[in-house]
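Last residue of the sequence shown: 822 (this note's numbering), numbering continuous.
We put the CB at the ideal spot given by N, CA and C, even for glycine.
Taking it in order: structure first as structure tokens, then the write-up.
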Amino acid sequence: MQKKINITNNLNNHTPIIKQYLSLKLKYPNTLLFYQIGDFYELFYQDAEYVSELLKITLTKKGFSNNKIVPMAGVPCHRAEYYLSKLVKLGESIAICNQMTETCSKNKLISRKVVRVITPGTVIDEAFLEDNEDSFICSIWKEKNEFGIAILDLSLGFFGVSKHCNSSSLLSEIERINPKEILYPENFFDISLIEKRKCLHKRPLLDFDLETSYKLLISQFKTHSLNGFGIEKDNFVIRPAGCLLQYVKLMHMTLLLNIRKLKYNYIEDNISMNPSTRKTLEITKNIIGEKKNTLSSILNKTVTSMGYRLLNRWLHSPLKDFNIVKNRHESVRYLQLFYKKLQPILRQVNDLERIYSRIALRTASPHDLIRMRSTLKILPDLHVILKKINFLHIKKIRLSIGYFKEILLLLNKSISSNPSACIRDGGVIASNYNTQLDELRLIKINSQEYINNFEQQEKKKLMIESFKIKFNKILGYYIQVSKRHVHLIPKNYIKVQTLKNTVRYTISWLKEYQEKVFKSEIQSLFLEKKLYEEIFNIVEPFLGKLQNSASALSELDVLVNLSERAVSLNYTQPMMTKKCEISLLDARHPVIEQCLKTPFITNSINLSKNQRMIIITGPNMGGKSTYMRQVALITIMAWIGSFVPAKNASIGLIDKIFTRIGASDDLSNGYSTFMMEMTEISNILHNATSNSLVLVDELGRGTSSNEGLALAWSCSQYLINQNKSMTLLSTHFLELTKLEFMEKFVKNFHFTAVEKDSQIAFLYKIKPGISKKSYGISVAALSGLPNIIIKNAKEKLIDLEKI
Numbered sequence: 020m021q022k023k024i025n026i027t028n029n030l031n032n033h034t035p036i037i038k039q040y041l042s043l044k045l046k047y048p049n050t051l052l053f054y055q056i057g058d059f060y061e062l063f064y065q066d067a068e069y070v071s072e073l074l075k076i077t078l079t080k081k082g083f084s085n086n087k088i089v090p091m092a093g094v095p096c097h098r099a100e101y102y103l104s105k106l107v108k109l110g111e112s113i114a115i116c117n118q119m120t121e122t123c124s125k126n127k128l129i130s131r132k133v134v135r136v137i138t139p140g141t142v143i144d145e146a147f148l149e150d151n152e153d154s155f156i157c158s159i160w161k162e163k164n165e166f167g168i169a170i171l172d173l174s175l176g177f178f179g180v181s182k183h184c185n186s187s188s189l190l191s192e193i194e195r196i197n198p199k200e201i202l203y204p205e206n207f208f209d210i211s212l213i214e215k216r217k218c219l220h221k222r223p224l225l226d227f228d229l230e231t232s233y234k235l236l237i238s239q240f241k242t243h244s245l246n247g248f249g250i251e252k253d254n255f256v257i258r259p260a261g262c263l264l265q266y267v268k269l270m271h272m273t274l275l276l277n278i279r280k281l282k283y284n285y286i287e288d289n290i291s292m293n294p295s296t297r298k299t300l301e302i303t304k305n306i307i308g309e310k311k312n313t314l315s316s317i318l319n320k321t322v323t324s325m326g327y328r329l330l331n332r333w334l335h336s337p338l339k340d341f342n343i344v345k346n347r348h349e350s351v352r353y354l355q356l357f358y359k360k361l362q363p364i365l366r367q368v369n370d371l372e373r374i375y376s377r378i379a380l381r382t383a384s385p386h387d388l389i390r391m392r393s394t395l396k397i398l399p400d401l402h403v404i405l406k407k408i409n410f411l412h413i414k415k416i417r418l419s420i421g422y423f424k425e426i427l428l429l430l431n432k433s434i435s436s437n438p439s440a441c442i443r444d445g446g447v448i449a450s451n452y453n454t455q456l457d458e459l460r461l462i463k464i465n466s467q468e469y470i471n472n473f474e475q476q477e478k479k480k481l482m483i484e485s486f487k488i489k490f491n492k493i494l495g496y497y498i499q500v501s502k503r504h505v506h507l508i509p510k511n512y513i514k515v516q517t518l519k520n521t522v523r524y525t526i527s528w529l530k531e532y533q534e535k536v537f538k539s540e541i542q543s544l545f546l547e548k549k550l551y552e553e554i555f556n557i558v559e560p561f562l563g564k565l566q567n568s569a570s571a572l573s574e575l576d577v578l579v580n581l582s583e584r585a586v587s588l589n590y591t592q593p594m595m596t597k598k599c600e601i602s603l604l605d606a607r608h609p610v611i612e613q614c615l616k617t618p619f620i621t622n623s624i625n626l627s628k629n630q631r632m633i634i635i636t637g638p639n640m641g642g643k644s645t646y647m648r649q650v651a652l653i654t655i656m657a658w659i660g661s662f663v664p665a666k667n668a669s670i671g672l673i674d675k676i677f678t679r680i681g682a683s684d685d686l687s688n689g690y691s692t693f694m695m696e697m698t699e700i701s702n703i704l705h706n707a708t709s710n711s712l713v714l715v716d717e718l719g720r721g722t723s724s725n726e727g728l729a730l731a732w733s734c735s736q737y738l739i740n741q742n743k744s745m746t747l748l749s750t751h752f753l754e755l756t757k758l759e760f761m762e763k764f765v766k767n768f769h770f771t772a773v774e775k776d777s778q779i780a781f782l783y784k785i786k787p788g789i790s791k792k793s794y795g796i797s798v799a800a801l802s803g804l805p806n807i808i809i810k811n812a813k814e815k816l817i818d819l820e821k822i
């Protein structure tokens with residue numbers, strides 16, 4: 020973060036501009052103040068020094084103020100977005116200070132004010148956002164031993180609150196949404212939970228006041244209470260929601276018309292997954308943090324940025340709602356006959372979700388309106404195809420997409436075919452839309468011809484061959500003649516400049532005409548701005564329907580994408596049940612099968628109330644971990660509405676998915692690999708239910724054999740008898756396989772391998788029973804260990820087995 024400028028309260032010794040700048044900076048001490056001077060945004064003092072280094076721009080100076088040199092750095096207004104986006108991505112906050120008038124009267128300073136504050140979590144401008152990422156900001160409050168969190172994606176228009184009974188649940192949600200900013204109260208004592216996150220903002224307790232927050236929320240939604248959202252007046256989740264709403268309003272300095280409802284306990288609709296599970300299953304990022312070789316990289320071939328974000332949201336939030344998922348599956352089935360026709364049309368759909376939000380906040384650019392116009396033009400083409408599909412959910416999507424003929428007609432008439440990027444540059448409003456604007460533009464269009472005619476007339480009248488009328492920004496229009504013709508110049512000509520070979524003049528008529536042209540240009544720009552604002556007024560009543568249309572288009576893109584994936588990758592529609600079961604016939608790992616050059620070896624599974632735990636033995640690299648992960652990934656796919664890689668699939672209700680796979684540590688917090696293992700299994704044992712899917716790999720291997728086996732045995736029995744979860748447990752502790760004979764709901768399975776002449780071949784096929792060997796030495800030989808080590812290890816193993 021930049022250094023704060025040391026500003027004294029006495030500003031009288033400063034020049035007028037610096038005095039104005041510093042008085043504004045006092046109100047925004049923790050932001051970079053971009054102060055407009057003509058065509059540039061300038062920064063002064065430490066802000067200038069800091070930004071010049073950060074952006075690699077020239078550091079200059081603006082004379083003296085208060086008897087000291089004023090460091091200055093700036094960027095052109097028309098290029099500001101480029102530089103601002105860089106700063107926002109670096110985590111900086113910026114206050115935009117604009118000139119409120121184009122010119123100032125004599126000896127009077129131009130009026131300026133801060134029109135917007137840009138922060139990483141509140142931006143909605145296209146230049147600042149990643150097309151394929153959500154942009155959440157969140158606010159946290161703790162009351163007694165519970166946490167309340169409010170989340171908002173301004174570009175999406177989603178506003179939600181939820182309660183969390185412990186810090187693990189809170190961190191899981193923060194990991195899921197990956198907020199760009201986090202707000203917390205000044206008395207938040209659990210700062211260690213979030214201190215490693217970027218863009219943390221401590222807010223005063225007053226911002227979390229319950230009564231104030233309540234009033235803010237009912238004012239936002241124009242309701243008498245929050246009962247319609249399922250929130251009682253004394254519910255403490257109101258506090259972080261109020262703080263968040265107030266903060267975002269303060270940043271945008273406008274009404275948030277795209278925030279229309281508050282979703283209470285939104286996470287209750289989703290299958291819960293903690294950060295460890297998301298990381299292990301490599302849903303949208305692999306172990307090293309990249310996007311390749313993830314479930315998303317295989318499934319997400321959507322053709323719109325809205326659809327891309329939505330599918331990733333689904334992947335991180337698989338549902339528990341049986342009916343919604345059933346509708347998605349049926350939609351995917353119906354769309355398999357139409358995806359080849361729909362995808363080329365959907366590819367032309369622009370990011371209406373974010374364009375709509377910018378329109379609601381009145382920050383939409385002319386190019387946003389052009390993109391919206393092109394999107395609305397193709398909606399009838401979608402309707403033609405969707406009308407052929409006789410399924411209620413598809414019909415609901417089609418009706419939500421709508422037509423928007425009135426808006427399309429307005430945009431066709433009002434916005435030119437090739438507008439400038441910014442309204443302040445003019446040329447945005449189309450010809451023949453407003454008579455007054457056309458007349459003002461005509462003055463400038465005709466001015467050059469008028470000047471040329473006058474030039475020819477005067478040249479002929481005065482018989483001056485070198486007579487020319489020119490223009491520059493300093494003098495405006497001026498008459499130029501060669502020095503040898505000066506004696507022919509009339510007395511009413513006023514000399515303004517003498518050069519080496521020429522002399523420049525002006526006349527009262529030329530000044531008056533210039534003022535007329537300039538005045539028409541200024542009036543034209545102001546009128547365009549006014550007409551542009553009126554377009555927002557006309558569109559405003561349609562905002563709700565535009566939001567619904569954007570959501571419907573996003574969902575359609577995802578469902579069409581899933582239908583294409585089902586056909587291209589040979590996926591099957593799963594049967595969703597309300598039982599406690601996961602039954603897969605000839606299942607495949609959705610990611611690994613796409614990376615192999617050889618056919619993937621399929622495996623089946625049956626988990627149910629009568630077979631709740633499967634203990635898996637077999638060699639390392641034999642397929643145990645792949646098998647366990649593919650069960651979890653297929654379950655996620657099924658509960659987002661996707662078809663799955665299996666011959667047949669029957670999948671019941673799941674409330675949570677837990678994994679305890681792989682070795683890791685957290686040395687910064689003093690956690691060894693074994694401590695991390697125990698912490699993760701503790702979380703599972705405390706929170707898993709009979710409807711949870713639990714994957715546990717090599718439990719107890721981080722300590723001595725006897726202690727590790729004792730812990731693994733005890734935890735396994737607890738999972739069977741207390742949690743009663745559907746569990747896959749892989750192990751090299753062959754003693755654990757005895758649980759099959761002691762516990763009613765446990766079955767042993769193993770992966771096989773063939774060993775010959777110290778060479779091992781993995782069969783990757785699961786079978787009932789117990790693996791006779793772990794093949795550890797044979798697997799170690801594949802790593803390239805020296806032969807003598809392998810030889811000595813085999814000899815030592817023989818000795819140990821005799822004991």
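Chain-order list of residues whose beta-carbon lies under 6 Å from that of residue i (same chain, five-residue window excluded)
{"i": "Ile170", "result": "Phe155, Cys157, Gly179 and Ile196"}
{"i": "Asp153", "result": "Asp172 and Arg328"}
{"i": "Asp818", "result": "none"}
{"i": "Val715", "result": "Arg679 and Leu748"}
{"i": "Ser130", "result": "Met119 and Thr120"}
{"i": "Leu575", "result": "Ile416"}
{"i": "Leu730", "result": "Gly719"}
{"i": "Glu474", "result": "Ile488"}
CB contact check: residue i to chain D, cutoff 8 Å
{"i": "Thr454", "result": "The structure shown contains no chain D; it is built from a single protein chain."}
Where residue i falls, given that 16 or more other Cβ within 10 Å makes a residue buried
{"i": "Met292", "result": "buried"}
{"i": "Asn49", "result": "exposed"}
{"i": "Ser687", "result": "With a pLDDT of 46 at Ser687, under the threshold of 50, the modelled position of that residue is not reliable, and the figure given next carries that caveat. Classification for Ser687: exposed."}
{"i": "Asn589", "result": "exposed"}
{"i": "Cys184", "result": "exposed"}
{"i": "His705", "result": "exposed"}
{"i": "Ser573", "result": "buried"}
{"i": "Met482", "result": "exposed"}
{"i": "Glu814", "result": "exposed"}
{"i": "Glu547", "result": "buried"}
Boundaries (first-last residue) of the beta strand (DSSP E) holding residue i
{"i": "Asn622", "result": "Asn622 to Ser627"}
{"i": "Asn667", "result": "Asn667 to Ile670"}
{"i": "Leu171", "result": "Glu165 to Asp172"}
{"i": "Ile635", "result": "Met632 to Thr636"}
{"i": "Ile498", "result": "Gly495 to Ser501"}
{"i": "Asn431", "result": "Taken as a continuous stretch (DSSP letters only), Asn431 belongs to no beta strand (DSSP E), being part of the alpha helix (DSSP H) at Lys424 to Ser433."}
{"i": "Ser135", "result": "Here residue 135 turns out to be Arg, not Ser, going by the sequence shown. Run containing Arg135: Arg131 to Ile137, per the beta strand (DSSP E) assignment."}
{"i": "Phe53", "result": "Leu51 to Ile56"}
Where the alpha helix (DSSP H) containing residue i begins and where it ends
{"i": "His271", "result": "Ile257 to His271"}
{"i": "Cys734", "result": "Ser724 to Tyr737"}
{"i": "Thr323", "result": "Premise fails: Thr323 is in no alpha helix (DSSP H) and is neither H nor E."}
Whole-Å CB distance - residue i paired with residue j, under 8 Å assumed
{"i": "Leu459", "j": "Gln542", "result": "5 Å"}
{"i": "Val447", "j": "Tyr551", "result": "6 Å"}
Cβ neighbours of residue i in the same chain (closer than 7 Å, five flanking residues each side left out)
{"i": "Ile317", "result": "Pro609, Val610 and Gln613"}
{"i": "Lys743", "result": "Arg631 and Ser709"}
{"i": "Ser104", "result": "Ala146 and Phe147"}
{"i": "Gly93", "result": "Phe59, Tyr60, Glu61 and Leu62"}
Self-check item: Stretch-stretch touch, CB-based, cutoff 8 Å, three pairs: the stretch 205 to 220 with the stretch 235 to 247
Solution: Judged by Cβ distances under 8 Å, the stretch 205 to 220 makes no contact with the stretch 235 to 247, as fewer than three pairs qualify.
Quiz item: Are there three or more Cβ pairs, one per stretch, closer than 8 Å when the stretch 334 to 342 is compared with the stretch 283 to 303?
Solution: yes
Quiz prompt | Touch test, the stretch 244 to 260 against the stretch 215 to 222, Cβ-Cβ under 8 Å, three pairs minimum | solution = no
Quiz item: How do the stretch 415 to 432 and the stretch 399 to 407 stand: do at least 3 beta-carbon pairs fall below 8 Å, yes or no?
Solution: yes
Self-check item: Inter-stretch contact (C-beta, 8 Å, three-pair minimum) for the stretch 33 to 41 and the stretch 77 to 84
Solution: When C-beta atoms of the stretch 33 to 41 are compared with those of the stretch 77 to 84, three or more pairs fall below 8 Å, so the two segments count as touching.
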